[in-house]
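Taking my numbering, the leading residue of the sequence shown gets 3, the next gets one more, and so forth. Note that the Cβ used here is the ideal one computed from N, Cα and C, for glycine as well. The structure displayed is predicted, hence computed values, not measured ones.
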Amino acid sequence: SVSGNYSKRMPVTETLVRATDFAEQTLALDPSSADADAALGEVAGVEYRRHTAASLLTRAIALRPSFATAYQWRGNQLMGNGDLVGGLAELEHASALDPRSWVVAETRAFLLQTLGRYADSKAACQRTLEVAPTYVACLEIVAMTDLQLGEGDDARSMFARLAAARNPSAGA
């Protein structure tokens, strides 16, 4: 539904139209679809319709309390609205529900870094890098966190890994 956030294969505007259309079709067939409410909530958030986004994501979570992605998106919305502590609480919940999600770990790590919790930020991404050693988003976060912690050698090593992950042929 939100592939425009994760891929450049389709313009974001087109993904929003498609996500809205598919979600509305789904709701016509099943008015209690948590997935459709979450997708519409994410679209509303991207369109800066914050109250609508919050209501739809809250409804999605009420319909399916184990819906990690809805918590993640609600955390993103809160973070974007300046409620960093509230956003972190939602991302912590999403992480507890789906501890293997790379995107949740990355977003949580970014917010921890923003809050100045550098060691926690680094730890959140290092767990992801254990299973996905070339995940660029976490490589970036750990490299920047190492700089913020004054760990220059670790930062250089992480930036080298990041460069190799972004362009594997560069070192050849």
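Any idea if residue i is buried or exposed, counting beta-carbon neighbours within 10 angstroms, 16 or more meaning buried?
i     : result
Asp32 : exposed
Tyr50 : exposed
Who are the near neighbours of residue i in its chain, counting only those whose CB is closer than 6 Å to its CB and skipping five residues on each side?
i      : result
Thr136 : Ala167
Arg163 : Leu141
Gln79  : Gly47 and Ala55
Asp85  : none
Ser97  : Val106 and Arg110
With residue i as the anchor, note down where its alpha helix (DSSP H) starts and where it stops.
i      : result
Asp156 : Gly154 to Arg168
Arg119 : Per DSSP, Arg119 belongs to no alpha helix (DSSP H) and is neither H nor E.
Leu18  : Val14 to Leu31
Asp148 : Val138 to Gln150
Spatial neighbours of residue i within its chain, please: CB distance less than 8 Å, with the 5 preceding and 5 following residues excluded, ordered by chain position.
i      : result
Met160 : Leu141, Val144, Ala145 and Asp148
Leu99  : Ser68, Phe69, Ala70 and Tyr73
If you scan the region 35-85 from start to end, which runs of the alpha helix (DSSP H) of 4 or more residues do you find wholly inside it? 36-48, 52-65 and 70-82
Taking 8 Å as the threshold, find out whether the region 116-123 comes into contact with the region 152-171 through three or more Cβ pairs. no
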